[in-house]
Amino acid sequence: MSVDLATVKRVARLSRIAVTDEEAGRMMGELNGILGFVEQLSEVNVSGVEPMTSVTPITMRRRADAVTDGDKAAAVVANAPATDQNFFLVPKVVE
Amino acid sequence: MTDLTSLTIAAARDKLKSREISALDLTESYLKAIEAANGALNAYVAVTPEKALAMAKASDARLAEGKGGALEGIPLGVKDLFATEGVHTQACSHILDGFKPNYESTVTDKLWAEGAVMLGKLNMDEFAMGSSNESSYYGPAVNPWKAEGSDEKLVPGGSSGGSAAAVAAHLCAGATATDTGGSIRQPAAFTGTVGIKPTYGRCSRFGIVAYASSLDQAGPIARDVRDAAILLKSMAGVDKRDTTSVDLPVPDYEAALGQSLKGMKIGIPKEYRLDGMSEEIETLWAQGVEWLKDAGAEVVEISLPHTKYALPAYYIVAPAEASSNLARYDGVRYGLRVEGRDIADMYEKTRAAGFGKEVQRRIMIGTYVLSAGYYDAYYLKAQKVRTLIKRDFEDAFHAGVDAILAPITPSSAFAIGDKELAADPVKMYLQDVFTITLNMAGLPGISVPAGLDRKGLPLGLQLIGKPFEEETLFKTAHVMEKAAGTFSPKAWW
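Residue numbers (the UniProt record's numbering), protein chains in the order written: chain A, 1 to 95; chain B, 1 to 493.
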């Protein structure tokens, strides 16, 4: 399978990465190179094979459903580029 | 007086305990060495002298009272991927500009609890994506090794290139690193150092910037096998904040050194003998076989038939996980923000400016293979292939093989800015052809320096072990190290 320019732009949009036409053209070549490389997996017969979900046979540990952490609003927003009274600030999303 | 930075961790530990040297003197020696060398080697992206000196003084106080942990007063470097409280933690990416976490990763926390001293943060490929350290926002770290008679600057490998360069150039006693597809073992091989990627789940991933969560694992890079064993003991262990960390006792890895290899069975995978493989690598591999035979091990040929599919499967699984993990960098919660006309425009501009080319490429691939209509063909298929890769190893182990000996890299270190590799991402990916299989299977692997090539550059060999049998790797690697010797670059920096 390979991607065309329109697909590259759609994937960039889904990835939330702004691309110029020139960049999309360059990426198209690179992505097709990688997709061509992974194409060799089609040689492998995987009928009846379970997909791997975990490399180690572990069972998830459980804990009581209780609050163990919190009251750290100032610490949570400390690294944000724009905040106001411990809220993250973003451009207006509703009119 | 001998240069204190020439001491291994084991040697420094003994001299600190007997008060022959002080932690402060040791730390000051490293800070001086970093100041003199970092301009040329670019191994550190942030040095923390005040913190280092304070930690060293506290170590001296504990040592004076006859107390102190397993790493008391030992100065270490930390890969920029590990969260260190109040200190530069940016995964060497522009998008994490200015990020200083207010928490500590479990692995570094454990090291400090044992008395280790932090010297600073080490260079790496952006978000651990790369095999040459050239994708770092801070520019490439430089390999302390140069080919004989050449002044060309070489890569230290990647992604843990800064860790490997700093250890090889004695700019720290040891370093933390991470390995998702070879990022500990390949740089170790390129710099004549020892690196171990432990079994998935051996070390906590809490506080390590995530790349591909089902593959990422922390481990040490050190000057010799003993130092690597000492460091891993302090880094490993279960953590309630990482549910994939495994609740098994952490053995005293150092105690495994010196144990006999008699009765051990070592597998040689025939699929690792690639067409066009360099004669030097092949000779070295054969040499490794002889060393293990001399030590009493039995060597058998084995088959891992799905080996060639590990790399293509990795380039589906890892980008898929990365595209999800890196969704959090959106200009809202931390780091860089580029304003736009609306919120989506702000996201897109921030991520376009903040991520480098290789990171963007992997996010795009990951987004594509997970997108509607392609999930089964790519991601699900790759996860099934992964099951087959793991089964290959299990079959070998069930047949009585204790460990597997293989090459690590197709060649010795290459030049910074190598045009052929820069022009074709897939060529760069092929650097990891020998290392990536065991990440896909979650197995431990150690990289041991085994010799120099005809250019005078270090080459390594890799031992792959059963899950949670790092002790076997340490004892076998120790035998190989004794046969091969250790290798240090001539200082030019």
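Glycine included, every Cβ here is placed at the ideal spot set by N, Cα and C.
DSSP bridge partner residues for residue i (one or two, in chain order)
i	result
B:E301	B:I268
A:L41	Per DSSP, none; premise fails for A:L41.
B:Q186	Answer is none; B:Q186 lacks a bridge partner.
B:D179	B:Q217
A:I58	The partner list for A:I58 (beta bridge, DSSP) is empty, contrary to what the question assumes.
B:V117	B:P75
B:G174	B:L76, B:A222
residue 123 of chain A	This structure gives no information on residue 123 of chain A, because the portion of chain A shown stretches from 1 to 95.
Contacts that residue i makes with chain B (C-beta to C-beta distance below 7 angstroms)
i	result
A:Q85	The contacting residues do not exist; A:Q85 stays about 16 angstroms from chain B at best.
A:A75	N102
A:L41	Y309, P312, A313, K381, A382, V385
Integer-rounded CB distance, given that residue j should sit under 8 angstroms from residue i
i	j	result
B:T367	B:S323	5 angstroms
B:G417	B:L284	With 8 angstroms as the limit, B:G417 and B:L284 do not qualify as a contact, their Cβ atoms being about 27 angstroms apart.
A:G33	B:P425	6 angstroms
B:R386	B:M346	Wrong, their Cβ atoms sit about 37 angstroms apart, outside the cutoff.
B:S150	B:P140	The pair is not a contact, with the Cβ atoms about 17 angstroms apart (cut-off 8 angstroms).
B:A406	B:V317	Not quite, the Cβ-Cβ distance comes to about 21 angstroms (not below 8 angstroms), so this is no contact.
B:L421	B:E280	Their Cβ separation, rounded to whole angstroms, is 19 angstroms, which puts B:L421 and B:E280 out of contact at 8 angstroms.
B:L154	B:A413	4 angstroms
B:V117	B:M235	B:V117 to B:M235, Cβ: 15 angstroms. No contact.
B:S204	B:S163	Not confirmed; about 18 angstroms, so no contact.
B:I208	B:S105	6 angstroms
Whether residue i touches residue j by CB criterion (8 angstroms)
i	j	result
B:N123	B:F190	no
B:A169	B:A43	yes
B:F487	B:G192	yes
B:P101	B:T89	yes
B:A166	B:I9	no
A:R26	B:T243	no
B:A212	B:I302	no
B:G296	B:K262	yes
B:L326	B:A353	no
B:R33	B:T5	The sequence shown places Ala at residue 33 of chain B, rather than the Arg named in the question. Yes. Within cutoff.
B:S159	B:G130	yes
B:L304	B:D392	yes
residue 582 of chain B	B:K265	Since the first residue shown for chain B is 1 and the last is 493, residue 582 of chain B is missing from the structure and cannot be characterised.
residue 521 of chain B	B:L311	There is simply no residue 521 of chain B to check, as chain B begins at 1 and stops at 493 in what is shown.
B:C92	B:D60	no
B:A58	B:T27	no
B:L443	B:I464	yes
B:G157	B:G120	no
B:Y309	A:L41	yes
B:H436	B:G182	One detail in the question is off: residue 436 of chain B reads as Ile in this sequence, not His. Their beta carbons are under 8 angstroms apart, which means B:I436 touches B:G182 by this criterion.
Where residue i meets chain A, residues with beta-carbon distance less than 7 angstroms
i	result
B:P444	Here the premise fails: no neighbours, minimum Cβ distance about 11 angstroms.
B:Y30	None at all; the shortest Cβ gap to chain A is about 29 angstroms.
B:T243	M60, R61
B:I316	V38
B:R386	M52
B:E290	Those within 7 angstroms of B:E290 in chain A number zero; the least Cβ separation is about 33 angstroms.
B:L380	P51
B:E348	R16, I17, A18
B:Q360	I17
Element boundaries [alpha helix (DSSP H), containing residue i]
i	result
B:P49	49-64
B:S163	161-168
B:M346	343-354
B:G288	279-294
B:L31	23-41
B:P458	Segment 458-465 is the beta strand (DSSP E) holding B:P458; no alpha helix (DSSP H) there.
A:A6	5-14
B:I436	436-441
B:Q360	357-370
B:L473	470-484
B:A14	Checking the sequence, you will find Asp at residue 14 of chain B rather than Ala. Per DSSP, B:D14 belongs to the alpha helix (DSSP H) from 9-17.
B:T387	381-398
Segment limits, beta strand (DSSP E) that includes residue i
i	result
residue 513 of chain B	Coverage of chain B is limited to positions 1 through 493, which leaves residue 513 of chain B absent and any answer about it impossible.
B:G219	217-222
B:A403	403-407
B:P319	Taken as a continuous stretch (DSSP letters only), B:P319 belongs to no beta strand (DSSP E), being part of the alpha helix (DSSP H) at 310-325.
B:S447	445-452
B:I196	194-197
Closer than 8 angstroms at the beta carbon, the chain B residues around residue i
i	result
A:L14	T367, S371
Chain B residues whose Cβ lies nearer than 9 angstroms to that of residue i
i	result
A:V94	In chain order: nothing, as chain B lies at least about 10 angstroms away.
Under 8 angstroms by beta carbon: chain A residues contacting residue i
i	result
residue 497 of chain B	There is simply no residue 497 of chain B to check, as chain B begins at 1 and stops at 493 in what is shown.
B:M364	V8, V11, A12, S15, I17, M27, L31
B:M129	Chain A residues near B:M129: none, gap ~13 angstroms exceeds 8 angstroms.
B:Q383	P51, M52, T53
B:P425	E30, G33, I34
Chain-ordered neighbours of residue i on chain A, where CB pairs are closer than 9 angstroms
i	result
B:D342	P91, K92, V93
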